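Residue numbers (our numbering), protein chains in the order written: chain E, 32 to 169; chain F, 32 to 169; chain S, 32 to 169. Here the structure comes first, spelled out in C-alpha cells, and everything after it is commentary.
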Amino acid sequence: MSFRKERNFIVFRFEDGKDVIESLKRVAKEHQIQSGVILSGIGMLRDFEISFYSREKMGYVTNKFHEPVELLSFSGNISMRNNEPFFHLHVALAKEDISAIGGHLKKATVHNTLEGVIMRLSEMKLTRDPETGTLSIS
Amino acid sequence: MSFRKERNFIVFRFEDGKDVIESLKRVAKEHQIQSGVILSGIGMLRDFEISFYSREKMGYVTNKFHEPVELLSFSGNISMRNNEPFFHLHVALAKEDISAIGGHLKKATVHNTLEGVIMRLSEMKLTRDPETGTLSIS
Amino acid sequence: MSFRKERNFIVFRFEDGKDVIESLKRVAKEHQIQSGVILSGIGMLRDFEISFYSREKMGYVTNKFHEPVELLSFSGNISMRNNEPFFHLHVALAKEDISAIGGHLKKATVHNTLEGVIMRLSEMKLTRDPETGTLSIS
Chain E
32 MSFRKERNFI VFRFEDGKDV IESLKRVAKE HQIQSGVILS GIGMLRDFEI
82 SFYSREKMGY VTNKFHEPVE LLSFSGNISM RNNEPFFHLH VALAKEDISA
132 IGGHLKKATV HNTLEGVIMR LSEMKLTRDP ETGTLSIS
Chain F
32 MSFRKERNFI VFRFEDGKDV IESLKRVAKE HQIQSGVILS GIGMLRDFEI
82 SFYSREKMGY VTNKFHEPVE LLSFSGNISM RNNEPFFHLH VALAKEDISA
132 IGGHLKKATV HNTLEGVIMR LSEMKLTRDP ETGTLSIS
Chain S
32 MSFRKERNFI VFRFEDGKDV IESLKRVAKE HQIQSGVILS GIGMLRDFEI
82 SFYSREKMGY VTNKFHEPVE LLSFSGNISM RNNEPFFHLH VALAKEDISA
132 IGGHLKKATV HNTLEGVIMR LSEMKLTRDP ETGTLSIS
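Structure, rendered in C-alpha cells:
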C-alpha cells in the first residue's frame, strides 16, 4: 500500500489481496480525512459485493461475486458516522466478456492493483446519520 | 437540497423527488458558476431519459425509464449557452438486476438521494454553441 | 483540439477523428505533465479497443469495435514510463441499445467530440515500471 498527498489530493495504490474499504479507512486515518470525495479509481476487483437499494424490500439486495472484474469507475464520498470515517461508494465494473455491471459497493478485494485519488475536504464537514443514512453538509 | 463551497469545489445533496438538472442549475446560479466540471455523483435516479447520438438518425435517440436505478457514475461539464448555464451530462446506471446501462442524460428525478461535487472554473470560460453544440474553451 | 489550464486543471476538447491517446500525450507534453489524473471525460468514441486482464491467459484479452459508443466515464492516470508520459485508462461505454460495456482502453478515435479534464500533479511523481506495470508514487 502506498499513498501520498499533494495539496488536498491523496493518490493511492493498493496491492493485490488488500481489502478495499479497510485500505481506504487506513488512508483516511493517516491523513486525518473526516470528509472527502473519491475522485478516481481504476484497476481490478475480486470477491466483491454490490447492492441495489430496493424500497419494496426495504433495504439493499446484495450480489456476491468471486471472479475478477475490471474497475471502470469508482465514485463516492467520505463522511463521519458514529465518529468513524464512512465510505459511500459506487462502482461500474466489467466482466471478462466486457459487459458492465455495477451498484453500491459493500465489500471488495483488490485484484492486481487499485490506483485512485481522494480529495480531502478541510473547510466543510460531511456527516452521515447512522439511522437514516442521510448525508449532512455543514 | 443542501450544498456548500470549499475553494472551487461545491459539494451538494439533492433529496428524493428533485429534478436533477433544475437542481444543478440552482446550484450553478447560487454560486455564479458559468463554467465548471461535474467531478462526482452517486445515489439513485428514477423517471429518467438517456440518449445515444446517432449520425444516421441525425440526432439523439432517447430511451425513457420510470424504474429506480443506481447512479454509478456522473460526469460532465457546465458551459454557457445562450447566456444560461448548460449541463452536458453522461451517466452510467445499474438496474435492479445489476446490469449497467448509460448514455447522455436528458432528464432525471432523484430517487432517495444524489450526492455530488462540482468544480467551478473561474479563470477560463466554457461556451457552447447553441446551433452546433460545440464546446469552446477560452 | 483545444485545451486550457487553470491552476492544476487542464480542460480539453478533442474533435471528431482524433486519436484519443495521441491527443492526451500532446496535452501532456504542452503542459509538461509527467504525473496526473484524468478527472473527467465525456463524448463519444469509435474504432476502439478495450481489454480485460486475465491471469489465466497471462495478459490482456482485447476486443475491437468499430461502431460509435457513448463515453459514460473516463478514468485513469498519467505516469512516466521509460521517460515518456504513459496513460493508464479505463472506460465505461454505452452501445446504441444503451447497454454498457467497458475495460482497459488500449486505443480509440474520437467520435463527434471528447470533452475532459486532467489534473496535473506537480509535487509528487508517478512512475510506472516498464516490465511489471506497477505504479510507484514518490
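Just so you know, even glycine gets a beta-carbon here, dropped at the ideal spot from N, CA and C. Here the structure is a predicted model, which means the values were calculated and not measured.
First through last residue of the alpha helix (DSSP H) which encompasses residue i
{"i": "S:R77", "result": "Not the alpha helix (DSSP H): S:R77 falls in the beta strand (DSSP E), residues 67 to 85."}
{"i": "E:I129", "result": "Here E:I129 belongs to no alpha helix (DSSP H), and DSSP marks it neither H nor E."}
{"i": "F:I52", "result": "51 to 61"}
Beta carbon proximity, residue i to chain F, threshold 8 Å
{"i": "S:T144", "result": "yes"}
{"i": "S:I69", "result": "no"}
{"i": "S:I73", "result": "yes"}
{"i": "E:M111", "result": "no"}
{"i": "S:A139", "result": "no"}
{"i": "S:F34", "result": "yes"}
{"i": "E:I168", "result": "yes"}
{"i": "E:V51", "result": "no"}
{"i": "S:E162", "result": "no"}
{"i": "E:F118", "result": "no"}
{"i": "S:E37", "result": "yes"}
{"i": "E:N114", "result": "no"}
{"i": "E:S106", "result": "yes"}
Below-8 Å beta-carbon distance, residue i vs any chain S residue
{"i": "E:I149", "result": "no"}
{"i": "F:Y91", "result": "no"}
{"i": "E:A59", "result": "no"}
{"i": "F:P83", "result": "Looking at the sequence itself, residue 83 of chain F is Phe, so the reference to Pro does not match. Taking Cβ atoms only, chain S reaches closer than 8 Å to F:F83, which makes this a yes."}
{"i": "F:N94", "result": "yes"}
Beta-carbon proximity check, residue i vs residue j, cutoff 8 Å
{"i": "F:V51", "j": "F:L76", "result": "yes"}
{"i": "F:E37", "j": "E:E154", "result": "yes"}
{"i": "E:M150", "j": "E:F34", "result": "no"}
{"i": "S:V141", "j": "S:G48", "result": "yes"}
{"i": "S:L183", "j": "S:I69", "result": "For residue 183 of chain S there is no data in the structure shown, the boundaries of chain S being 32 and 169."}
{"i": "F:K137", "j": "F:S82", "result": "yes"}
{"i": "F:G147", "j": "F:G72", "result": "yes"}
{"i": "F:A125", "j": "E:I132", "result": "yes"}
{"i": "F:L102", "j": "F:G74", "result": "yes"}
{"i": "E:V65", "j": "E:P116", "result": "Note that residue 65 of chain E corresponds to Gln in the displayed sequence, not to Val. It is a contact, given that the beta carbons lie within the stated cut-off."}
{"i": "S:L166", "j": "S:R159", "result": "yes"}
{"i": "E:T104", "j": "S:S110", "result": "Residue identity check: residue 104 of chain E is Ser in the sequence provided, not Thr. Contact flag unset, no."}
{"i": "E:F79", "j": "E:F96", "result": "yes"}
{"i": "S:M32", "j": "S:E53", "result": "no"}
{"i": "E:R112", "j": "S:I168", "result": "no"}
{"i": "E:L157", "j": "E:N114", "result": "no"}
One or two residues paired with residue i in a DSSP bridge
{"i": "E:E36", "result": "The sequence given here places Lys at residue 36 of chain E; Glu does not occur at that position. E:I41, per the DSSP bridge assignment."}
{"i": "E:E46", "result": "E:T144"}
{"i": "E:I149", "result": "E:I41, E:I69"}
{"i": "E:I115", "result": "Before going on, a small fix: residue 115 of chain E reads as Glu here, not Ile. Paired residues: E:R112."}
{"i": "E:K138", "result": "E:E80"}
Minimum Cβ-Cβ distance from residue i to chain E less than 8 Å
{"i": "F:A131", "result": "yes"}
{"i": "F:V42", "result": "yes"}
{"i": "S:L152", "result": "yes"}
{"i": "S:F79", "result": "no"}
{"i": "F:E127", "result": "yes"}
{"i": "F:L102", "result": "yes"}
{"i": "S:H97", "result": "no"}
{"i": "S:V48", "result": "Note on residue identity: the sequence assigns Gly, not Val, to residue 48 of chain S. No - not a single Cβ of chain E is within 8 Å of the one on S:G48."}
{"i": "S:H62", "result": "no"}
heavy atom of the ligand GTP below 7 Å from residue i C-beta
{"i": "F:L76", "result": "You won't find the ligand GTP in this model; it holds no ligand whatsoever."}
Residue range of the beta strand (DSSP E) that includes residue i
{"i": "S:E101", "result": "100 to 112"}
{"i": "E:K95", "result": "90 to 96"}
{"i": "S:I168", "result": "166 to 168"}
{"i": "E:T158", "result": "157 to 159"}
Short CB-CB distance (under 8 Å) between residue i and chain C
{"i": "S:V51", "result": "Although the question refers to chain C, the structure presented lacks it and instead comprises the protein chains E, F and S."}
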